[in-house]
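Protein chains in written order, with the working numbering: chain D, 344 to 700; chain V, 588 to 856; chain H, 2 to 221.
In this text, a Cβ means the ideal position worked out from N, Cα and C, and glycines have one as well.
Predicted, not measured: the structure shown is a model, and the values here were computed from it.
This report refers to the structure that appears directly beneath it.
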Amino acid sequence: MAATTPPAKRRIALGCEGSANKLGIGIIAHDDDGSEAIVLSNVRHTFVSPPGTGFLPKDTAQHHRAFFVRVAKQALADAGVPIVDINCICYTKGPGMGGPLTSVAIAARTLSLLWGKELVGVNHCVGHIEMGRAITGATNPVVLYVSGGNTQVIAYAEQRYRIFGETLDIAVGNCLDRFARTLEISNDPAPGYNIEQLAKKGGRVLLELPYAVKGMDCSFSGILARADDLAAAMKAGELGSDGEPFTPADLCFSLQETIFAMLVEITERAMAHVGSSQVLIVGGVGCNERLQEMMGGMAAERGGSVYATDERFCIDNGIMIAHAGLLAYETGFRTPLEESTCTQRFRTDEVFVKWRK
Amino acid sequence: MAAAATESHQFAPPKVLTYNPATTPPLLISQGAEGRLYKTTHLSADRPCALKYRPPKLWRHPILDARLTKTRMGGEAKVLERCYRAGVPVPALYAMDLAAGWMMIEWIHGMPVRQAINEWLGERPETILDPADQVDETPLVELMKRIGTVLGSLHRTGVVHGDLTTSNMMLKEKESKGNDKSEAGSKKYALEGDVVLIDFGLATQSLADEDRAVDLYVLERAFASTHPRAEKLFTHVLEAYRVAFKKAPSVLAKLEDVRMRGRKRSMVG
Amino acid sequence: MEKRHLFERLYIDNATAGYEVHTALFCGVTNRTELRNHLLALNTDYEYAFVNAERILSRAHLLSAIFTAMTSLVQDTLTTKNVHSEIVVSLNPNKNITEAYNRFGIPPPPPARKDNEPPKDVPPMDLIVVKVLKLDTSSSPEKDDNPAANDTWAHLLANVKGEPTRLTDEELERTVNLAKLRGYYGLNNVPLLDEIKEDATLRKQEMERLIIMKMALRAV
Chain D
344 MAATTPPAKR RIALGCEGSA NKLGIGIIAH DDDGSEAIVL SNVRHTFVSP PGTGFLPKDT
404 AQHHRAFFVR VAKQALADAG VPIVDINCIC YTKGPGMGGP LTSVAIAART LSLLWGKELV
464 GVNHCVGHIE MGRAITGATN PVVLYVSGGN TQVIAYAEQR YRIFGETLDI AVGNCLDRFA
524 RTLEISNDPA PGYNIEQLAK KGGRVLLELP YAVKGMDCSF SGILARADDL AAAMKAGELG
584 SDGEPFTPAD LCFSLQETIF AMLVEITERA MAHVGSSQVL IVGGVGCNER LQEMMGGMAA
644 ERGGSVYATD ERFCIDNGIM IAHAGLLAYE TGFRTPLEES TCTQRFRTDE VFVKWRK
Chain V
588 MAAAATESHQ FAPPKVLTYN PATTPPLLIS QGAEGRLYKT THLSADRPCA LKYRPPKLWR
648 HPILDARLTK TRMGGEAKVL ERCYRAGVPV PALYAMDLAA GWMMIEWIHG MPVRQAINEW
708 LGERPETILD PADQVDETPL VELMKRIGTV LGSLHRTGVV HGDLTTSNMM LKEKESKGND
768 KSEAGSKKYA LEGDVVLIDF GLATQSLADE DRAVDLYVLE RAFASTHPRA EKLFTHVLEA
828 YRVAFKKAPS VLAKLEDVRM RGRKRSMVG
Chain H
2 MEKRHLFERL YIDNATAGYE VHTALFCGVT NRTELRNHLL ALNTDYEYAF VNAERILSRA
62 HLLSAIFTAM TSLVQDTLTT KNVHSEIVVS LNPNKNITEA YNRFGIPPPP PARKDNEPPK
122 DVPPMDLIVV KVLKLDTSSS PEKDDNPAAN DTWAHLLANV KGEPTRLTDE ELERTVNLAK
182 LRGYYGLNNV PLLDEIKEDA TLRKQEMERL IIMKMALRAV
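Given below as structure tokens:
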């Protein structure tokens with residue numbers, strides 16, 4: 344492949360992501376005519392906190408600082424490209440946790456100065472969307488972006504990813520993470536993954552939880568509070584509404600069934616609204632097979648299909664930052680050093696998407 | 588409730604439409620995210636009705652699915668009854684089966700306001716209508732005023748619609764139009780008729796200025812995007828609303844606030 | 002057969018597949034207590050819906066209840082023991098079954114005031130009878146030739162002591178007690194009705210609609 348593509352016309356970006364507890368560095372190449380994105384390397388290291396605890400910004404930032412050099416070296420080695428061939432350094436500008444974002448931004452600036460490469464600040468959500476589109480080939484999907492920090496239903500229109508619906512309080516991933524803490528489920532490899540596995544053993548009963556959809560928006564805090572109450576009742580030996588005892592597996596099952604139904608419903612509303620039959624699920628919660636299955640059922644009823652990626656791309660990673668950053672870079676976008684800040688709040692629709700029609 | 592879907596049934600109709608060869612065969616009118624709409628009859632041929640059917644969503648847990656259908660359709664039915672008895676023009680509720688997911692409501696003869704306005708505008712030259720021009724007496728202004736009056740009566744009743752658009756209002760055919768089938772007649776009466784509000788699937792009971800203002804704002808946005816050439820006439824809706832509803836002044840003041848912070852909603856359009 | 006034409010077969014859209022529904026009005030029924038006792042004893046010879054004609058505004062009012070009951074019958078979601086009792090409870094705007102029987106069925110006789118007082122005379126009443134029959138699959142569904150219907154009519158003529166009458170809207174206008182209906186269905190102080198001053202036809206039509214809405218909301 345390298346023989347047929349002149350290296351000079353190929354563009355290469357290194358992307359650094361650390362907006363939450365994953366530190367990811369990836370290297371991507373866009374071929375000459377921009378028709379293909381080639382993943383050269385995609386390395387990740389996750390900060391895992393003990394069961395019953397969440398990851399705190401200070402500890403997470405410390406983790407990212409401690410592992411950055413190791414992960415970067417691995418990414419370069421995996422990619423096998425000389426530093427001179429890299430066109431730009433991309434980093435996550437936001438949204439995310441302040442401390443971890445800053446640690447990675449400083450490291451990206453360091454690489455930029457060290458190697459003499461231009462910087463490109465990237466919106467984390469746009470990174471997820473563009474990577475999802477590139478991997479799945481979905482051309483103009485309604486995007487459900489679900490992670491520990493975000494819950495949004497997005498569709499593209501006139502140079503922006505517009506938010507049609509979103510959570511009115513906490514993110515769906517945050518709801519799952521915090522419930523995992525309530526049940527003291529392991530955070531390794533991820534709390535959501537362990538809830539999903541436990542849920543597969545439940546299903547004898549559907550415990551009643553609030554269902555909070557308002558138009559295309561939704562809310563999760565009331566559901567979490569109720570689920571926590573039910574967990575406390577379970578620990579106290581109380582019985583379910585059917586007079587039978589219930590288990591952590593039943594709780595996980597009921598939680599997943601309820602919140603995923605909400606997500607699928609608001610996605611369906613957005614699809615009907617914009618007249619699309621494609622759905623792309625991105626973000627860490629998008630790995631969940633039950634969510635993918637429900638979304639697939641909905642899309643099939645509408646004569647469409649669902650696109651999802653596996654954990655390499657669903658979960659936060661550096662390659663998506665490299666890819667979205669490179670798309671912007673190719674349109675002439677740069678982030679000057681003095682503007683290479685990061686921000687905890689950075690809405691998806693603030694980004695001018697110059698690379699799409 | 589006007590044009591029938593040209594395709595024959597793509598989906599199996601709800602069971603209730605399969606028991607008996609009704610005097611008039613059911614007709615699939617539309618299918619949206621929330622469900623499907625059929626035209627059929629209630630009791631006898633002289634009682635045409637719309638049947639709203641929410642088919643089970645098979646991807647959703649059956650217990651949850653049944654619960655949602657029950658609360659939402661039940662809620663819509665309650666709001667219809669509340670409006671109807673208060674004299675707000677809405678279709679009467681005829682029958683309902685929450686377990687099976689359907690309700691029958693009065694069939695409104697006529698066309699959606701959206702279609703009526705677009706057909707009427709289609710006959711005008713390509714100019715923007717402006718209240719400053721000498722078009723104050725146009726049938727369209729009169730229609731806007733009727734809409735405002737109806738919205739005033741809706742809010743007075745303690746209901747907010749939740750999804751106001753010109754597609755969710757019917758222009759009920761007048762008898763006079765029915766008798767005059769000539770082309771001139773149909774033009775003459777194009778915008779006549781009572782405005783009837785439909786589709787209360789997202790309606791809530793509320794007395795809050797905020798909710799009422801958002802209701803108006805949603806319509807204002809929808810009107811601007813659906814009928815850009817008549818956008819400036821929307822002010823007549825609000826004027827008539829002010830006359831019809833005693834608490835309108837505080838709602839309209841709130842509407843200013845809602846417009847100012849319309850950041851997010853403006854993307855929903 | 003005698004007065005057979007008074008026993009009308011009803012056709013109700015979207016409801017009556019596989020069944021026939023017949024109805025008639027009996028005016029001035031004198032043996033209401035006896036009929037009520039048959040119902041209470043679950044006497045299978047008396048599987049009828051007996052409806053108090055005083056509590057029915059119009060044919061559409063009654064047919065709405067039959068429609069609801071028939072829908073429950075074919076979907077196997079009856080809330081009472083059979084389709085006939087279901088018709089009676091379907092008339093009520095709430096789920097209270099005993100209340101529904103008392104309001105819309107044959108009401109209980111007035112209680113004796115003292116132990117030693119003889120039972121009060123039970124006044125005659127106008128009674129609507131509805132009978133749901135399984136359609137005889139050997140006969141054509143288009144023809145009114147189900148022999149079971151003839152048997153039913155003969156049984157009614159022999160056992161209901163009243164004047165058989167065809168059930169029409171005109172008869173119902175004579176028998177209805179509007180004040181009772183307004184109470185049952187919450188139709189006092191309804192803006193929609195209060196605004197109609199002159200037009201009695203329109204007033205009745207709107208009343209009918211409000212009643213049918215209340216019945217449809219029974220399950221909510």
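**OP:** With DSSP as the reference, label Met474(D) as helix, strand or coil.
**Re:** To locate residue 474(D), count along the first sequence from 1; it is residue 131. The answer is helix: DSSP assigns Met474(D) an H, G or I state.
**OP:** Please list the partners that Ala620(V) has in chain D, where partner means a Cβ-to-Cβ separation under 7 Å.
**Re:** Reading the second sequence from its first residue, position 33 is the one you call residue 620(V). Those within 7 Å of Ala620(V) in chain D are Glu611, Arg612 and Ala615.
Subject >> Own chain partners of Leu839(V) with C-beta closer than 7 Å, once the 5 adjacent residues on each side are dropped >> reply: As a working note, residue 839(V) is residue 252 in the second sequence. Once the five neighbours on either side are set aside, the close Cβ partners of Leu839(V) are Leu825 and Arg829.
Original post:
Are the C-beta atoms of Ile88(H) and some chain V residue less than 8 Å apart?
Top reply: Translated into positions along the third sequence, residue 88(H) becomes position 87. Closer than 8 Å: no.
**OP:** Identify which residue in Ala555(D), Gly437(D) and Gly586(D) has its Cα closest to the Cα of Thr684(D).
**Re:** The sequence position of residue 684(D) within the first sequence is 341, counting from 1. Thr684(D) has its Cα closest to that of Gly437(D), out of Ala555(D), Gly437(D) and Gly586(D).
Original post:
How about Val131(H) and Val22(H): do their beta carbons lie closer than 8 Å?
Top reply: The residue labelled residue 131(H) in the question sits at position 130 within the third sequence. The residue labelled residue 22(H) in the question sits at position 21 within the third sequence. Yes.
Original post:
With DSSP run on the structure shown, which of helix, strand or coil describes Met691(V)?
Top reply: Indexing the second sequence from 1 puts residue 691(V) at position 104. Strand.
Subject >> Neighbourhood of Tyr650(D) by C-beta, 8 Å cutoff - its chain only, sequence neighbours within 5 removed >> reply: Locating residue 650(D) in the first sequence gives position 307, where the first residue counts as 1. Cβ within range, chain order: Gly475, Thr479, Gly480, Ala481, Pro484, Gln621, Val622, Leu623 and Ile624.
**OP:** Within the segment 477 to 531 of chain D, note down every full beta strand (DSSP E) run reaching 3 residues or more, in order along the chain.
**Re:** 485 to 489, 494 to 500 and 503 to 509
Subject >> Range of the contiguous beta strand (DSSP E) that encloses Asp567(V) >> reply: For residue 567(V) there is no data in the structure shown, the boundaries of chain V being 588 and 856.
Original post:
Between the C-alpha atoms of Phe68(H) and Leu194(H), what's the straight-line distance to the nearest angstrom?
Top reply: Looking up residue 68(H) in the third sequence gives position 67. Looking up residue 194(H) in the third sequence gives position 193. Distance between the alpha carbons of Phe68(H) and Leu194(H): 26 Å.
**OP:** Evaluate Lys841(V) with the Cβ neighbour count: other Cβ atoms within 10 Å of its Cβ, from every protein chain shown; 16 or more gives buried, anything less gives exposed.
**Re:** Start at 1 with the first residue of the second sequence, and residue 841(V) comes out as number 254. By the neighbour-count rule (16 or more Cβ atoms within 10 Å), Lys841(V) is buried.
**OP:** Measuring only between beta-carbons, confirm whether Arg733(V) sits less than 8 Å from chain H.
**Re:** As a working mapping, residue 733(V) is identified with position 146 in the second sequence. Output row for Arg733(V): interface = no.
Original post:
Taking the DSSP output, what are the residues bridged to Thr435(D)?
Top reply: Against the first sequence, residue 435(D) aligns to sequence position 92. Its beta-bridge partners are Val465(D).
Original post:
Mind pulling the chain V residues with CB within less than 7 Å of Ser1(H)?
Top reply: Any answer about residue 1(H) is impossible in this case: the structure gives chain H only from 2 up to 221.
Subject >> Where the beta strand (DSSP E) containing Ala637(V) begins and where it ends >> reply: Locating residue 637(V) in the second sequence gives position 50, counting from the first residue. From DSSP, the beta strand (DSSP E) with Ala637(V) extends over Pro635 to Tyr640.
**OP:** Tell me whether Ile650(V) is buried or exposed, calling it buried when 16 or more other Cβ atoms sit within 10 Å of its Cβ.
**Re:** The residue labelled residue 650(V) in the question sits at position 63 within the second sequence. Exposed, since its Cβ has fewer than 16 Cβ neighbours within 10 Å.
**OP:** Sort out for me which residues DSSP pairs Tyr625(V) with in a bridge.
**Re:** As a position in the second sequence, residue 625(V) is number 38, starting the count at 1. Note: Tyr625(V) sits in a beta bridge opposite Leu615(V) and Leu638(V).
Original post:
Straight-line CA distance for His156(H) to Leu41(H)?
Top reply: Residue numbering aside, residue 156(H) sits at position 155 when the third sequence is read from its first letter. Residue numbering aside, residue 41(H) sits at position 40 when the third sequence is read from its first letter. Cα to Cα, the separation comes out at about 18 Å.
Original post:
With DSSP run on the structure shown, which of helix, strand or coil describes Lys132(H)?
Top reply: Translated into the one-based positions of the third sequence, residue 132(H) becomes position 131. Of the three classes helix, strand and coil, the one that applies to Lys132(H) here is strand, per DSSP.
Subject >> Straight-line gap, Asp571(D) to Cys518(D) (C-alpha atoms, nearest Å) >> reply: Working through the first sequence from its first residue, we reach residue 571(D) at position 228. Working through the first sequence from its first residue, we reach residue 518(D) at position 175. Cα to Cα, the separation comes out at about 11 Å.
Subject >> With 16 other Cβ atoms within 10 Å as the buried cut-off, status of Leu645(V) >> reply: Counting from 1 along the second sequence, the entry for residue 645(V) is found at position 58. With fewer than 16 Cβ atoms within 10 Å of its Cβ, Leu645(V) is classed as exposed.
Original post:
Helix, strand or coil for Lys764(V) per DSSP?
Top reply: The residue labelled residue 764(V) in the question sits at position 177 within the second sequence. Note that Lys764(V) has pLDDT 48, beneath the 50 cutoff, so the model's placement of it is unreliable and the number below is only indicative. Helix at Lys764(V).
Subject >> Beta-carbon proximity list for Tyr102(H), same chain, < 7 Å, skipping 5 on both sides >> reply: Position 101 of the third sequence, counted from the start, is the residue given in the question as residue 102(H). Answer for Tyr102(H): Val89, listed in chain order.
Original post:
Is it buried or exposed for Val628(D), if we count other Cβ within 10 angstroms and need 16 for buried?
Top reply: Residue 628(D) sits at position 285 when you count from the first residue of the first sequence. Answer is buried; the Cβ neighbour count reaches 16.
Subject >> Strand pairing of Val30(H), partner residues [DSSP] >> reply: In the third sequence, residue 30(H) corresponds to position 29, counting from 1. DSSP lists Met126(H) as partners of Val30(H).
**OP:** Would you mind sorting Gly586(D) into buried or exposed? The rule is 16 or more other CB atoms within 10 Å of its CB.
**Re:** Here residue 586(D) refers to the residue found at position 243 of the first sequence. The residue in question, Gly586(D), is exposed, as its Cβ has fewer than 16 Cβ neighbours within 10 Å.
**OP:** Tell me whether Ala651(D) sits in a helix, a strand or coil according to DSSP, three-state version.
**Re:** Counting from 1 along the first sequence, the entry for residue 651(D) is found at position 308. Three-state result, Ala651(D): strand.
Subject >> Reduced DSSP category for Thr348(D) - H, G, I as helix; E, B as strand; rest coil >> reply: Start at 1 with the first residue of the first sequence, and residue 348(D) comes out as number 5. Low confidence applies here, because Thr348(D) scores a pLDDT of 44, under 50, leaving its location unreliable; read the following figure in that light. Looking at Thr348(D) - three-state DSSP - the assignment turns out to be coil, as it is neither helix nor strand.
**OP:** Can you tell me which of the three DSSP states Leu92(H) falls into?
**Re:** The count along the third sequence starts at 1 and reaches residue 92(H) at position 91. Three-state DSSP puts Leu92(H) in coil, outside helix and strand.
Subject >> Residue from Glu501(D), Tyr536(D), Phe507(D) and Leu511(D) whose Cα sits closest to the Cα of Phe522(D) >> reply: Indexing the first sequence from 1 puts residue 522(D) at position 179. With distances taken between Cα atoms, Phe522(D) lies closest to Tyr536(D).
**OP:** At 4 residues or longer, and completely inside the segment 629 to 683 of chain V: list those alpha helix (DSSP H) runs for me, N to C.
**Re:** 649 to 673
**OP:** Could you pull out every residue in the same chain whose Cβ sits closer than 6 Å to the Cβ of Gly765(V), ignoring the five residues on either side in sequence?
**Re:** As a position in the second sequence, residue 765(V) is number 178, starting the count at 1. Because Gly765(V) carries a pLDDT of 49, less than 50, the predicted location of this residue cannot be relied on, and the following value inherits that uncertainty. Excluding sequence neighbours, Gly765(V) sits near nothing in its chain.
Subject >> chain H contact for Gly697(V) (CB, 8 Å cutoff) >> reply: Here residue 697(V) is taken as the residue at index 110 of the second sequence, counted from 1. Output row for Gly697(V): interface = no.
Subject >> Same chain, Cβ closer than 6 Å to Trp694(V), neighbours up to 5 away in sequence not counted >> reply: Your numbering for residue 694(V) matches position 107 in the second sequence. Taken in chain order, the residues that qualify are Pro635, Cys636 and Ala637.
Original post:
Hey, is Met757(V)'s beta-carbon within less than 8 Å of any beta-carbon in chain H?
Top reply: Taking the first residue of the second sequence as 1, we reach residue 757(V) at position 170. No, Met757(V) does not count as interfacial toward chain H.
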